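Engineer:
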Amino acid sequence: MAQDAKEEKPPEAPEEIAKLHKYKGDADRNPRDIFWELAAQYMEKKDIAELAKDNSSRREALVNIGATVLTEEERIYRVKMGKAKLAEFVMEMVLQGGWEDTLERLMENLYERRRGPNLNMMIAFGNAVSKNEALAGWVKKLLAEGRPPEPLLAYISHLGDRGLVAALKEQLIFIAKSEINEPQLYALEALAPLVKEDAAVKKVFIDLMDDWDMRAKKVVLESLSGMQDADIGKKAVASYVYEFDPHAKSMLKEIIRNNKEAAKGEMGKYMGKYNEKVNKELMALAESIYGKKEAGTMFGAKKEGGSGEKENGKGSEGGAGQEEKNKSGSGNQGAGKEEEAPKEFP
Numbered sequence: 160m161a162q163d164a165k166e167e168k169p170p171e172a173p174e175e176i177a178k179l180h181k182y183k184g185d186a187d188r189n190p191r192d193i194f195w196e197l198a199a200q201y202m203e204k205k206d207i208a209e210l211a212k213d214n215s216s217r218r219e220a221l222v223n224i225g226a227t228v229l230t231e232e233e234r235i236y237r238v239k240m241g242k243a244k245l246a247e248f249v250m251e252m253v254l255q256g257g258w259e260d261t262l263e264r265l266m267e268n269l270y271e272r273r274r275g276p277n278l279n280m281m282i283a284f285g286n287a288v289s290k291n292e293a294l295a296g297w298v299k300k301l302l303a304e305g306r307p308p309e310p311l312l313a314y315i316s317h318l319g320d321r322g323l324v325a326a327l328k329e330q331l332i333f334i335a336k337s338e339i340n341e342p343q344l345y346a347l348e349a350l351a352p353l354v355k356e357d358a359a360v361k362k363v364f365i366d367l368m369d370d371w372d373m374r375a376k377k378v379v380l381e382s383l384s385g386m387q388d389a390d391i392g393k394k395a396v397a398s399y400v401y402e403f404d405p406h407a408k409s410m411l412k413e414i415i416r417n418n419k420e421a422a423k424g425e426m427g428k429y430m431g432k433y434n435e436k437v438n439k440e441l442m443a444l445a446e447s448i449y450g451k452k453e454a455g456t457m458f459g460a461k462k463e464g465g466s467g468e469k470e471n472g473k474g475s476e477g478g479a480g481q482e483e484k485n486k487s488g489s490g491n492q493g494a495g496k497e498e499e500a501p502k503e504f505p
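Here it is in structure tokens:
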């Protein structure tokens, strides 16, 4: 009599297949299980490169899980570890897996414009930059591709790693000159520590002293304040004339004060050229920096120089022409007074 089908035992799996059971097919494994398996290996100080590379097809899911877990409470972690260690592991997982194309996603998932970068990930990013040269190369490529990612720039800016900024200087300068809003702001903040020692960075900051974005301008002026440089002093005078923001004007005034010798000649070019309100502002600025006597001399020298040019250009109306009028008695006292250079600001 045949054995009942319900009692029939399934055939045993071949030994070779049984050994491969631990390498269960990717389609059958939960990405979270793989993530925590990687985390456990990392905490046991085991090499995670092989397992990470074996799961490269799931790299985006694993990176998303890592970012999500970093925002969850530690008590629900399957592996006992703090958030700082978890962030370190997630960054190492990306590096060991060679998942260059997930770096931007990781930074984006752990960045909010209002709050800035995730602190634990920023520390992990900084440690990884100092230990892994490849990471700086990944970042450089991301900054050079089309519109630079704001989250990545935020991490670079907040990290303040001079070595990394120096390596990315060319890309950051381009972004500071060509972008607006947050990308430009973060690029300027990142470059600021180099402004006193790098001529190319200094030139960009000088060019942006009159930038339309007040936040960017504030970073620029604060970075240049205290520096003694003729080009900075001259540009400060030119910017002061057109500046409307009181705080920016105050910073420009301090920059001019720190570079008053270089600024003096530049200020003379602008005095008397504008309407009464601007002229009064310039005179008040000159008096506060150089004193009333010297400011009056500067203003008078400007007027005398302008009168001289007029005389040279018109011949009979000035110089000898006036002498002739005086000799013949046709000149009048009122005309003589009008041609005198004013010694005080009108």
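With our numbering applied, the sequence shown covers 160 to 505.
Glycine residues also receive a C-beta, built at the ideal position from the N, C-alpha and C atoms.
Treat the numbers as computed from the prediction; the structure is a model and nothing was measured.
Since I believe residue 341 is in contact with residue 272 (beta carbons under 8 Å), could you give me their beta-carbon distance rounded to a whole number of angstroms?
Structural biologist: That belief holds up - the Cβ atoms of residue 272 and residue 341 are roughly 7 Å apart, short of 8 Å.
Engineer: How about residue 238 and residue 198: do their beta carbons lie closer than 7 Å?
Structural biologist: Yes, the Cβ-Cβ distance between residue 238 and residue 198 is below 7 Å.
Engineer: At the level of alpha carbons, what is the spacing between residue 354 and residue 437?
Structural biologist: Residue 354 and residue 437: Cα-Cα distance of roughly 31 Å.
Engineer: Using only the alpha-carbon positions, how far apart do residue 359 and residue 202 sit?
Structural biologist: Between residue 359 and residue 202, the C-alpha separation is close to 45 Å.
Engineer: Considering Cα atoms alone, identify which of 192, 220, 403, 245 is closest to residue 230.
Structural biologist: Taking only the C-alpha atoms, the option nearest residue 230 is 245.
Engineer: Taking C-beta to C-beta, are residue 301 and residue 311 nearer than 7 Å?
Structural biologist: Result yes, Cβ atoms of residue 301 and residue 311 sit closer than 7 Å.
Engineer: Taking the continuous alpha helix (DSSP H) assigned at residue 194, which residues delimit it?
Structural biologist: Unbroken alpha helix (DSSP H) run through residue 194: 190 to 202.
Engineer: Going by C-alpha to C-alpha distance, which of 280, 219, 401, 206 sits closest to residue 508?
Structural biologist: Beyond the ends of the chain as shown, which are 160 and 505, falls residue 508; an answer cannot be given.
Engineer: Count the CB pairs spanning the region 252 to 269 and the region 215 to 235 that are closer than 8 Å, and state whether there are at least three.
Structural biologist: Enough Cβ pairs lie closer than 8 Å, so yes.
Engineer: By the 10 Å Cβ neighbour count, where 16 or more other Cβ atoms means buried, how is residue 418 classified, buried or exposed?
Structural biologist: Buried: at least 16 other Cβ atoms inside 10 Å.
Engineer: When you compare only the Cα positions, how much space is there between residue 329 and residue 294?
Structural biologist: Near 17 Å, if we compare the C-alpha coordinates of residue 294 and residue 329.
Engineer: What is the DSSP secondary structure of residue 352, counted as helix, strand or coil?
Structural biologist: Reduced to three states, the DSSP call for residue 352 is helix.
Engineer: Assign residue 424 to buried or exposed, taking buried as 16 or more other Cβ atoms, counted over all protein chains shown, within 10 Å of its Cβ.
Structural biologist: Flag for residue 424 reads exposed.
Engineer: Anyone know if the C-beta pair for residue 445 and residue 426 falls short of 7 Å?
Structural biologist: Against a cut-off of 7 Å, the Cβ pair of residue 426 and residue 445 comes out as a contact.
Engineer: For residue 396 and residue 422, which I take to be in contact (beta-carbon distance under 8 Å), what is that distance rounded to the nearest angstrom?
Structural biologist: Between residue 422 and residue 396 the Cβ distance is about 5 Å, and since that is below 8 Å, they are a contact.
Engineer: Could you spell out the range, first to last residue, of the alpha helix (DSSP H) harbouring residue 405?
Structural biologist: First-last of the alpha helix (DSSP H) with residue 405: 405 to 417.
Engineer: Find the nearest neighbour of residue 352 within the set 338, 382, 194, judged by alpha-carbon distance.
Structural biologist: The shortest C-alpha separation from residue 352 is found at 382.
Engineer: What did DSSP end up calling residue 342 once you bin it into helix, strand or coil?
Structural biologist: Correct three-state label for residue 342: helix.
Engineer: Within this structure, are the beta carbons of residue 278 and residue 226 separated by less than 7 Å?
Structural biologist: Their beta carbons are not under 7 Å apart, which means residue 278 does not touch residue 226 by this criterion.
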